[in-house]
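**Q** Okay, here's the structure, questions in a sec.
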Amino acid sequence: MNTIAAAPPAQPFFLDSGAAARFCLYHAPVGACRGAWLYLHPFAEEMNKSRRMAALQARALAQHGYAVLQLDLYGCGDSAGDFGDARWEIWQEDAARGLAWLEQQSGCAAGLWGLRLGALLALDVAQQMAQARPLPGLLLWQPVTNGSQFLTQFLRLKVASQMLTDGRDGGNNSGGTAALKQSLAAGQALEIAGYTIDPALALAIETRSADKFTPPACPVHWFDIAAESGRPLSPAAARAVSALGAAGATVSTHVVAGPQFWATQEIEECQTLLDATIESLPEPCHAA
Amino acid sequence: MPPDEQALTFPCAGEWLTAILSPAAQCASPLQRRGVLIVVGGPQYRAGSHRQFALLARALAAQGIPAMRFDYRGMGDSGGPARNFEDVDSDLRAAIDRFMAAVPGMEEVVIWGLCDAASAALFYAQHDRRVSGLVLLNPWARTPDGHARATLKHYYVERLLQPALWKKVASGQFEFGKALRSLTGLLRASRGGATEQPGAAVPAPSDAAAPAPRASASAMPASPNLHARMQAGWQGFPGPILLIISGADLTAQEFLDMVKASRQWRKLLAAPRVQRRTLPAADHTFSRREWRDQVAAWTAAWVHETGQTGNRAHEIGARA
Chain A
1 MNTIAAAPPA QPFFLDSGAA ARFCLYHAPV GACRGAWLYL HPFAEEMNKS
51 RRMAALQARA LAQHGYAVLQ LDLYGCGDSA GDFGDARWEI WQEDAARGLA
101 WLEQQSGCAA GLWGLRLGAL LALDVAQQMA QARPLPGLLL WQPVTNGSQF
151 LTQFLRLKVA SQMLTDGRDG GNNSGGTAAL KQSLAAGQAL EIAGYTIDPA
201 LALAIETRSA DKFTPPACPV HWFDIAAESG RPLSPAAARA VSALGAAGAT
251 VSTHVVAGPQ FWATQEIEEC QTLLDATIES LPEPCHAA
Chain B
1 MPPDEQALTF PCAGEWLTAI LSPAAQCASP LQRRGVLIVV GGPQYRAGSH
51 RQFALLARAL AAQGIPAMRF DYRGMGDSGG PARNFEDVDS DLRAAIDRFM
101 AAVPGMEEVV IWGLCDAASA ALFYAQHDRR VSGLVLLNPW ARTPDGHARA
151 TLKHYYVERL LQPALWKKVA SGQFEFGKAL RSLTGLLRAS RGGATEQPGA
201 AVPAPSDAAA PAPRASASAM PASPNLHARM QAGWQGFPGP ILLIISGADL
251 TAQEFLDMVK ASRQWRKLLA APRVQRRTLP AADHTFSRRE WRDQVAAWTA
301 AWVHETGQTG NRAHEIGARA
């Protein structure tokens, strides 16, 4: 029997309405609830490319007894608003709203599971909430370690597009992205690869770095994807993990082999990451 | 402001599909009898590249046209194994069933598809009387030799005229060896030499400024009779068709090259039921707001216009 078809469907719904509407997909746990995870998606086109992996992992977690909520941040996916109006602070509030809904619905304490920029947002939210209510855990998939570098990479898409359409040569020096960062600093929104990015959001991303967060007082599972198995953590990830560890966090690292599914041309699946994520979770406390 | 969108889930062959309905703004309720089903093409899910489909659905709803978009099996949030665009008829039928059930009074559906979703819409439309129109954007007609010819013709010739290429050559950054290997591969493929490996990737030009990548739903090869299937679908569907073409898109060029090379295709496109619009500067996914908005405006105007005048002709058209 097909286990997915036999399971009840994940429930899509909008949290609130109008400008407050956020698209959510709730995966109820199979059996007694062992815990809960709120998924924070990556940035711009990376979100689209990784949608299937997020769905596969959410279904697998639900099969293993976890409640999962996938939430589209403001201006992203099916949620209300325009991407150009999105701000980091709104996304932080969205995460808090998602956690509150998920905990109320499932009756379980909820951790954050984030991919790429979503992982950086998860670290930020965990720090913000540390006083009020520590999270039970963090699952970080290929976190963006350095917001400034990430923004530069995103800006390169515009430089490349300018090269193609205008024949302008922006590729062999850094003037291209530096000039774009200057425009942002001067308060000018930029349209990049179909996404309008507001200077305030760009600045918020630019100033965030994984090694600068006060470590959350909860187990942190850090997953990196490498081209081949047996590879060590990337130097940037290793630096961030050791900074978090030095400040007191318990970080378990996992390097799995697979495609960079958030950036591949076609939709890719990474079964090793799905399996490693399930394996990283504590054993169920079944009596028999 | 249109009413709030609704999230839906519905079954298709034992799997659950996820959809978003954008109900029409109430001020234009008489037009609710015609809705637009947005079908996803390329490696995307229902929101579309840079949210084009989400924003299009909202734009249509604001103009009184209900719109629904969904993930077919194996894509986005929907269940089941990944599948090829040539095998989504059941998904389209289930989606139209759900769309009609969700909008009381709706009688007909226009299918809107970009890239391989346009081709999938062509395969399906003739089999469902509820489909009263097609909006096809940059239809996917790739065969290995057609792709190679289009790349040679539209990409290399244009690149030779670009100052950036010559700057690279002058500064020693252009990799002649790689480019030459790529070019000879294309020449071989354009003469049909690559057909022994259907769907195999034609070597990409090695230059960094390669043409916009393809946006096929999957790496799976299209069946060898893709052009024939598309043509049968076009001929078999009696309703009006709006064809929207991006000027700066190799996929669109391949489609137009296929049309140019065939008298039958030229005749099909010249028929009065076909309207063609071109955005000369636009890329494959209409990745600028101005292009996206233009597509939405053309779509809404065409859905209104053909809904009023085209329906009778459509009813007369015989269906199997």
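Top to bottom, those sequences are chains A and B.
Numbering follows UniProt numbering, in which position 50 of the first sequence is assigned residue number 50; successive positions increment by one, without gaps.
Numbering follows UniProt numbering, in which position 62 of the second sequence is assigned residue number 62; successive positions increment by one, without gaps.
C-beta: ideal position from N, C-alpha, C; glycine also.
1) Assess contact between the region 120-130 of chain B and the region 285-300 of chain B, defined as three or more Cβ pairs (one per stretch) separated by less than 8 Å. Is contact present?
2) Tell me whether the region 12-29 of chain B and the region 270-282 of chain A touch, counting them as touching only if at least three CB pairs, one residue from each stretch, are closer than 8 Å.
3) Checking the sheet assignment: what are the DSSP bridge partners for Ala22(A)?
4) So Val39(B) and Pro66(B) are in contact, right, with Cβ under 8 Å, and what is the actual spacing, rounded?
5) At a CB-CB cut-off below 9 Å, which residues of chain B make contact with Lys158(A)?
6) Starting from Val241(A), trace the beta strand (DSSP E) in both directions and tell me its first and last residue.
7) Determine whether the beta carbon atoms of Gly147(A) and Glu89(A) lie at a separation below 8 Å.
8) For the beta strand (DSSP E) containing Gly133(B), list its first residue and its last residue.
9) Closer than 8 Å, Cβ to Cβ, to anything on chain B: give me those residues from the region 185-197 of chain A, in chain order.
10) Does the Cβ of Glu228(A) have 16 or more other Cβ atoms within 10 Å, making it buried, or fewer, making it exposed?
11) Compare the C-alpha of Ala297(B) against each of Ala252(B), Val36(B), Glu15(B), Gln63(B) and name the closest.
12) For Asn2(A), does the count of other Cβ atoms within 10 angstroms reach 16, so buried, or fall short, so exposed?
13) Using a Cβ-Cβ distance under 8 Å, would Ile20(B) count as near chain A?
14) Just tell me which of Met68(B), Val110(B), Ile96(B), Ala82(B) has its CA closest to the CA of Pro43(B).
15) Please state if the CB of Arg142(B) and the CB of Ile96(B) are separated by a distance shorter than 8 Å.
16) I need the DSSP call for Glu228(A), collapsed to helix, strand or coil.
17) In angstroms with no decimal places, state the Cα-to-Cα distance between Ser280(A) and Ser209(A).
18) Just tell me which of Trp302(B), Ala248(B), Gly307(B), Trp234(B) has its CA closest to the CA of Leu279(B).
19) Label Glu305(B) either buried or exposed according to how many other C-beta atoms from any shown protein chain fall within 10 Å of its C-beta, with 16 as the threshold for buried.
20) Please work out which residues of its chain come closer than 8 Å, Cβ to Cβ, to Ala54(B), disregarding the five sequence neighbours upstream and downstream, and give them in chain order.
21) Could you check which residue in Pro215(A), Gly194(A), Val144(A) has the C-alpha nearest to that of Gly137(A)?
22) Measuring straight from C-alpha to C-alpha, what distance separates Phe13(A) and Leu120(A)?
23) What is the residue span of the alpha helix (DSSP H) that Phe261(A) lies within?
24) According to a CB-to-CB cut-off of less than 9 Å, which residues of the region 15-40 of chain A neighbour chain B?
25) Return the CA-CA distance between Ala243(A) and Ala300(B), expressed in angstroms with no decimal places.
26) Grab me the residues of Pro139(B)'s own chain with a C-beta within less than 6 Å of its C-beta, minus the 5 sequence neighbours each way, in chain order.
27) Check whether the region 37-47 of chain A touches the region 70-90 of chain A, counting contact only when three or more Cβ pairs, one atom from each stretch, lie closer than 8 Å.
28) Could you tell me whether the Cβ of Ala219(B) comes closer than 8 Å to any Cβ of chain A?
29) Is it right to say Ser252(A) is buried, meaning 16 or more other beta carbons lie within 10 angstroms of its own, or is it exposed?
30) Let me make sure I understand the geometry here. Which of Ala60(A), Ala126(A), Trp141(A) has the alpha-carbon closest to that of Ala134(A)?
31) For Asp77(B), which residues in chain A fall below 8 Å Cβ to Cβ?
32) Quick check on Gln308(B): buried or exposed, where buried means 16 or more other Cβ atoms within 10 Å of its Cβ?
33) Is it true that the CB of Ala28(A) sits closer than 8 Å to the CB of Ala67(A)?
34) When the cut-off is 8 Å and only beta carbons count, does Thr9(B) lie next to chain A?
35) Can you list the residues of chain D that Gly77(A) reaches, using a CB-CB cut of under 8 Å?
36) I'd like to know whether the C-beta atoms of Trp222(A) and Leu140(A) end up nearer to each other than 8 Å.
**A** If we stick to the structure as given:
1) The region 120-130 of chain B and the region 285-300 of chain B do not touch, with fewer than 3 CB-CB distances between them shorter than 8 Å.
2) Two segments are said to touch when three or more pairs of C-beta atoms, one from each, lie closer than 8 Å; by this definition the region 12-29 of chain B does not touch the region 270-282 of chain A.
3) Counted from its first residue, the first sequence places residue 22(A) at position 22. Per the sequence shown, the amino acid found at residue 22(A) is Arg instead of Ala. Its beta-bridge partners are Leu15(A).
4) The residue labelled residue 39(B) in the question sits at position 39 within the second sequence. The residue labelled residue 66(B) in the question sits at position 66 within the second sequence. By a beta-carbon distance limit of 8 Å, Val39(B) does not contact Pro66(B). Their separation comes to about 15 Å.
5) On the first sequence, residue 158(A) is found 158 positions in, with the first residue counted as 1. Under the 9 Å cutoff, chain B gives no residues; its nearest Cβ is about 11 Å from Lys158(A).
6) Taking the first sequence and counting its residues from 1, the one referred to as residue 241(A) is at position 241. No beta strand (DSSP E) holds Val241(A); the alpha helix (DSSP H) holding it covers 235-246.
7) Stepping through the first sequence from its first residue, residue 147(A) is reached at position 147. Stepping through the first sequence from its first residue, residue 89(A) is reached at position 89. Their beta carbons are not under 8 Å apart, which means Gly147(A) does not touch Glu89(A) by this criterion.
8) Counting from one through the second sequence, the residue named residue 133(B) turns up at place 133. Boundaries of the beta strand (DSSP E) around Gly133(B): 131-137.
9) Along the region 185-197 of chain A, the positions whose C-beta sits under 8 Å from a C-beta of chain B are Glu191, Ala193, Gly194, Tyr195, Thr196, read in chain order.
10) Walking along the first sequence from the start, residue 228(A) turns up at place 228. When all chains shown are included, Glu228(A) counts as exposed.
11) Counted from its first residue, the second sequence places residue 297(B) at position 297. Looking at the Cα atoms, Gln63(B) is the closest of the given residues.
12) Residue numbering aside, residue 2(A) sits at position 2 when the first sequence is read from its first letter. Caution is warranted here: a pLDDT of 43 is assigned to Asn2(A), below 50, making its placement in the model unreliable, and the coordinate value is therefore given only provisionally. When all chains shown are included, Asn2(A) counts as exposed.
13) Along the second sequence, read from residue 1 onward, the residue named residue 20(B) stands at position 20. Nearest CB-CB separation between Ile20(B) and chain A: below the 8 Å threshold.
14) Residue 43(B) sits at position 43 when you count from the first residue of the second sequence. The shortest Cα separation from Pro43(B) among Met68(B), Val110(B), Ile96(B), Ala82(B) belongs to Ala82(B).
15) The residue labelled residue 96(B) in the question sits at position 96 within the second sequence. The residue labelled residue 142(B) in the question sits at position 142 within the second sequence. Against a cut-off of 8 Å, the Cβ pair of Arg142(B) and Ile96(B) comes out as no contact.
16) Reading the first sequence from its first residue, position 228 is the one you call residue 228(A). Annotated three-state conformation of Glu228(A) is coil, per DSSP.
17) Position 280 of the first sequence, counting from 1, holds the residue named residue 280(A). Position 209 of the first sequence, counting from 1, holds the residue named residue 209(A). CA-to-CA, the gap between Ser280(A) and Ser209(A) works out to about 25 Å.
18) Your numbering for residue 279(B) matches position 279 in the second sequence. Nearest C-alpha to Leu279(B): Ala248(B).
19) To locate residue 305(B), count along the second sequence from 1; it is residue 305. Glu305(B) is exposed by the Cβ-count criterion.
20) Reading the second sequence from its first residue, position 54 is the one you call residue 54(B). Here Ala54(B) has Ile20, Arg46, Ala47, Gly48, Arg69 as same chain residues with Cβ atoms under 8 Å from its own Cβ, once five neighbours each way along the sequence are excluded.
21) For the purposes of this step, residue 137(A) is identified with residue 137 of the first sequence, where counting begins at 1. That would be Pro215(A), whose Cα lies nearest to the Cα of Gly137(A).
22) Here the question's residue 13(A) lines up with position 13 in the first sequence. Here the question's residue 120(A) lines up with position 120 in the first sequence. Cα to Cα, the separation comes out at about 26 Å.
23) Residue 261(A) sits at position 261 when you count from the first residue of the first sequence. Run containing Phe261(A): none; DSSP gives neither H nor E here.
24) Along the region 15-40 of chain A, going in chain order, the ones with a CB nearer than 9 Å to a CB of chain B are Ser17, Gly18, Ala21, Phe23, Cys24, Leu25.
25) Working through the first sequence from its first residue, we reach residue 243(A) at position 243. Working through the second sequence from its first residue, we reach residue 300(B) at position 300. Approximately 54 Å between the Cα atoms of the pair.
26) Position 139 of the second sequence holds residue 139(B). Around Pro139(B): Ala118, Ser119, Phe255.
27) Cβ pair count under 8 Å is three or more, so yes.
28) Residue numbering aside, residue 219(B) sits at position 219 when the second sequence is read from its first letter. Per-residue confidence for Ala219(B) stands at a pLDDT of 40, beneath the threshold of 50, marking its modelled position as unreliable; the derived number appears in the next sentence. Output row for Ala219(B): interface = yes.
29) On the first sequence, residue 252(A) is found 252 positions in, with the first residue counted as 1. Ser252(A) is exposed by the Cβ-count criterion.
30) The count along the first sequence starts at 1 and reaches residue 134(A) at position 134. Ala is not the amino acid found at residue 134(A); the sequence shown has Pro there. Checked all of Ala60(A), Ala126(A), Trp141(A); the closest Cα to Pro134(A) is Ala126(A).
31) Stepping through the second sequence from its first residue, residue 77(B) is reached at position 77. The answer, in chain order, is Ala10, Pro12, Leu25, Arg51, Ala55, Gln70.
32) Position 308 of the second sequence, counted from the start, is the residue given in the question as residue 308(B). Exposed, by the Cβ-count rule.
33) On the first sequence, position 67 is the one that residue 67(A) refers to. On the first sequence, position 28 is the one that residue 28(A) refers to. Yes.
34) Mapped onto the second sequence, residue 9(B) falls at position 9. True, the Cβ-Cβ gap to chain A drops below 8 Å.
35) Considering every chain present, this structure includes no chain D. Its protein chains are A and B.
36) Within the first sequence, residue 222(A) is the residue found at index 222, counting from 1. Within the first sequence, residue 140(A) is the residue found at index 140, counting from 1. For Trp222(A) and Leu140(A), yes; Cβs fall inside 8 Å.
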